[in-house]
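Below is one structure, written out as structure tokens; comments come after it.
Below is the structure:
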């Protein structure tokens, strides 16, 4: 795409190449595909690194009576052994202080008591990972087991699992948009009263957590597989009482973030504390079993929903009683927030006035909550979209029609939802029409009506609204988070005319090196290949809060745009001086500054940069040497930057075997202005297949003793290529956000809308029996039972002869 500058006379002159909106090839792919990319486990430390192995609690709730580490200390290759007593002074602090939220004391290694299976109790440091694990087998821990709490409902009235608290309810939060919610519910012609469950899941990135650290007597250097290196640096300084200006955090390529790597866990902080105490390089690589046992546990919410509809399907009021099982208190950065985000996300794209909720975040003897892609929003989408399908069946409306009747109109924006969140922009009805067209919805309904036999067709749709890139005000006022919502970009053109963009965010697969280069190249006027992007090192990048909440493009992308515009302006000022024209006549295109009225009159950016750095006597009067600018972008506080998407799933259910095959999957996404459509498609494909499918059919399950039963991929199977849709279509519509670039976040959307669409499709395939589906991840035994119940009911009906 290109536009042209126009002379005052109307004559077209210099073409302007537009890079934003082009599907340029990713800069990252070559080193990844050729195996040259370096991940944290690949980092060679300055000296020989010692490996850490954690002895973890085999029980979910117990008093630690005695720990014997003498055998381990004398084992071959062992340098040191640490217990909770040795690290007792290291505490995990809180950055969230929400009114009424309890803050139990959190340490690194368990001291006196364990509260979940997998809690780290002892750390063994040895010459290599094998010797450390062998020595760990010689550690003896005597436990006095206590009654475990695995049911959050029962835990609400049980003995607290934290000794410094008098309850297991870490937060009770209530809200009502009006005083008439109960009255409207009582008088509604159509009433829905249903309990919906979202089970515990974990995203399971390809790369587990990996952390290395070395204290050389002056600097504590940390190599971390993380989504926010600057946050790690500040938090570690606080927790260890070590000067922040002598801590360096380096993040290499990250093999999947999906949320858990935007957290700091107890075992990670223990690694850093051990490095500081020993003064030798240490390394810890999490095993897959450990990852399943303690990493990324989230969702796990019960929603008892009462909704009232008119006879023609208009949603009148909704009350949601939420019980969230947060496990043993949450990790740093995530205490109870996913449940809070779910509670305000329930209204989604629907226009109604009367909404209320009662939220209980409850501690149990399960692994602590940590972030999971979507962060509460997948639960909200599942709840609301299931309610819409249940109501449609009860009223006798098509699921599409009941949604259409309740959608916020384009003319309503900016729109304040009944939970108080202001949506910036959107066109839900247009996007729905695009979805139906791509699905060929009418033909699917016709095929379903005509079907006969053992394979049943199911069609499910869902929609969500995701407020992305929350502002500092929203984070602090609405969530009690002492966290900034801004990002800073530094853009420098070096003396040879090439540009470098430095950022405090971090790519975990979102193509930052590509998309930020596109923005900078367009706004400065350089070639795409002449822009480099630097992230991941706290010593060389500006302070930033990292990549989470679908925020990187909105915050860092706009900061890059603004800083690049400043660079462009400086280049034009210098070029205008050298060319003898006014700055408004200068245009910069593909590395050249041109007189727009006489394009043959030009200077290369390299020539301008050489003068700016090396021959400052030729600069305009008052112009500073060098070409480096920065910008800080903070999202607006009076409105949320809200992306949304429609998901449509077509499944085939084999009633003979119970197997489900996704025949077709369609996503219509509105992420505002899309910088690179091809990489944006990848941001949808990945979360839909790897996360929506995983978290729709695989659940982390505990027994009544608090033992995790799903400790391998045999029991918690990730999706494979065979599970991917036979046909996958993605379409973008554009409602620009009120930001400089018009961007919205979109990296988590596939995981938000997917489970609801898949469940609704499967419920549709099951017919009347599908109305009782109320839990995700879906249980294959329940699906099989529903198939058999449907067959039995059908066989008992009178047959027409």
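Numbering (our numbering), first residue to last: 25 to 825.
The beta carbon of each residue, even a glycine, is placed where N, CA and C say it ideally should be.
The structure displayed is predicted, hence computed values, not measured ones.
Selected residue, minimal CA-CA separation from residue i, among the options
{"i": "residue 196", "options": "821, 478, 349 and 513", "result": "349"}
{"i": "residue 124", "options": "579, 384, 515 and 701", "result": "384"}
{"i": "residue 239", "options": "308, 795 and 302", "result": "302"}
{"i": "residue 810", "options": "357, 796, 801 and 800", "result": "796"}
{"i": "residue 676", "options": "749, 74 and 41", "result": "749"}
{"i": "residue 101", "options": "116, 74, 43 and 82", "result": "74"}
{"i": "residue 499", "options": "450, 753, 531 and 361", "result": "361"}
{"i": "residue 274", "options": "65, 219 and 798", "result": "65"}
{"i": "residue 793", "options": "772, 780, 776 and 816", "result": "816"}
{"i": "residue 509", "options": "699, 656 and 518", "result": "656"}
{"i": "residue 397", "options": "812, 781, 805 and 777", "result": "777"}
{"i": "residue 755", "options": "812, 90 and 668", "result": "668"}
{"i": "residue 126", "options": "193, 187 and 425", "result": "193"}
{"i": "residue 410", "options": "789, 256 and 784", "result": "784"}
{"i": "residue 753", "options": "735, 761, 760 and 709", "result": "709"}
{"i": "residue 93", "options": "105, 767, 43 and 86", "result": "105"}
{"i": "residue 505", "options": "779, 117, 203 and 537", "result": "117"}
{"i": "residue 251", "options": "690, 646 and 232", "result": "232"}
{"i": "residue 557", "options": "531, 570, 571 and 549", "result": "531"}
In DSSP terms, what residue i is bridged to
{"i": "residue 381", "result": "199 and 344"}
{"i": "residue 838", "result": "Residue 838 lies beyond the stretch modelled for the chain, which goes from 25 to 825, so this question has no answer here."}
{"i": "residue 513", "result": "527 and 655"}
{"i": "residue 770", "result": "DSSP lists no partner for residue 770."}
{"i": "residue 18", "result": "What the structure shows of the chain is the stretch from 25 to 825, and residue 18 is not part of that stretch, so it cannot be assessed."}
{"i": "residue 556", "result": "524"}
{"i": "residue 322", "result": "225"}
{"i": "residue 332", "result": "215 and 341"}
{"i": "residue 667", "result": "490"}
{"i": "residue 327", "result": "220 and 346"}
{"i": "residue 107", "result": "146"}
{"i": "residue 102", "result": "150"}
{"i": "residue 800", "result": "222"}
Beta carbon of residue i nearer than 7 Å to that of residue j
{"i": "residue 581", "j": "residue 765", "result": "yes"}
{"i": "residue 327", "j": "residue 208", "result": "no"}
{"i": "residue 224", "j": "residue 323", "result": "yes"}
{"i": "residue 159", "j": "residue 96", "result": "yes"}
{"i": "residue 578", "j": "residue 665", "result": "yes"}
{"i": "residue 774", "j": "residue 174", "result": "no"}
{"i": "residue 389", "j": "residue 172", "result": "yes"}
{"i": "residue 395", "j": "residue 284", "result": "yes"}
{"i": "residue 358", "j": "residue 249", "result": "no"}
{"i": "residue 351", "j": "residue 392", "result": "yes"}
{"i": "residue 638", "j": "residue 620", "result": "no"}
{"i": "residue 702", "j": "residue 653", "result": "no"}
{"i": "residue 519", "j": "residue 642", "result": "no"}
{"i": "residue 299", "j": "residue 387", "result": "no"}
{"i": "residue 235", "j": "residue 308", "result": "yes"}
{"i": "residue 717", "j": "residue 743", "result": "yes"}
{"i": "residue 735", "j": "residue 313", "result": "yes"}
{"i": "residue 132", "j": "residue 294", "result": "yes"}
{"i": "residue 798", "j": "residue 264", "result": "no"}
{"i": "residue 305", "j": "residue 69", "result": "yes"}
{"i": "residue 337", "j": "residue 426", "result": "yes"}
{"i": "residue 771", "j": "residue 534", "result": "yes"}
{"i": "residue 122", "j": "residue 381", "result": "no"}
7 Å Cβ cutoff, residue i in contact with chain B
{"i": "residue 585", "result": "Included in the structure is just one protein chain, with no chain B present."}
At 4 residues or longer, and completely inside the segment 31–80: list those alpha helix (DSSP H) runs for me, N to C.
53–57
Three or more C-beta pairs under 8 Å: does that hold for the segment 108–118 against the segment 333–342?
no
If we require 4 or more residues per run, which alpha helix (DSSP H) segments fall completely within the segment 567–627?
582–603
What alpha helix (DSSP H) runs, 4 residues minimum, are completely inside the segment 203–286?
205–211 and 253–264
Could you tell me whether the segment 522–541 touches the segment 564–574, using the rule of 3 or more Cβ pairs below 8 Å?
yes
Indicate whether the contact test is met: 3 or more Cβ pairs, each with one atom in the segment 398–412 and one in the segment 612–632, closer than 8 Å.
Under the Cβ criterion (8 Å, minimum of three pairs), the segment 398–412 does not count as touching the segment 612–632.
Count Cβ pairs between the segment 542–561 and the segment 40–48 that sit closer than 8 Å; are there 3 or more?
yes
Three or more C-beta pairs below 8 Å linking the segment 685–701 and the segment 440–460
yes
Counting beta carbon pairs with one atom in the segment 497–512 and one in the segment 668–685, are three or more of them shorter than 8 Å?
no
May I ask you to verify whether the segment 712–727 touches the segment 473–486, counting CB pairs closer than 8 Å and requiring at least 3?
no
Those runs of the beta strand (DSSP E) which lie wholly inside the segment 731–795 and span at least 3 residues:
751–756
List in chain order: all unbroken beta strand (DSSP E) runs of 3+ residues lying wholly within the segment 131–200.
144–150, 164–169 and 193–200
Only counting runs of 4 or more residues, tell me where the alpha helix (DSSP H) segments fall wholly within the segment 440–491, in order along the chain.
452–463 and 465–474
Three or more C-beta pairs closer than 8 Å, one from the segment 75–95 and one from the segment 127–145: is that the case here?
yes
Every unbroken beta strand (DSSP E) inside the segment 667–706 [3 residues or more]:
Runs found: 684–694.
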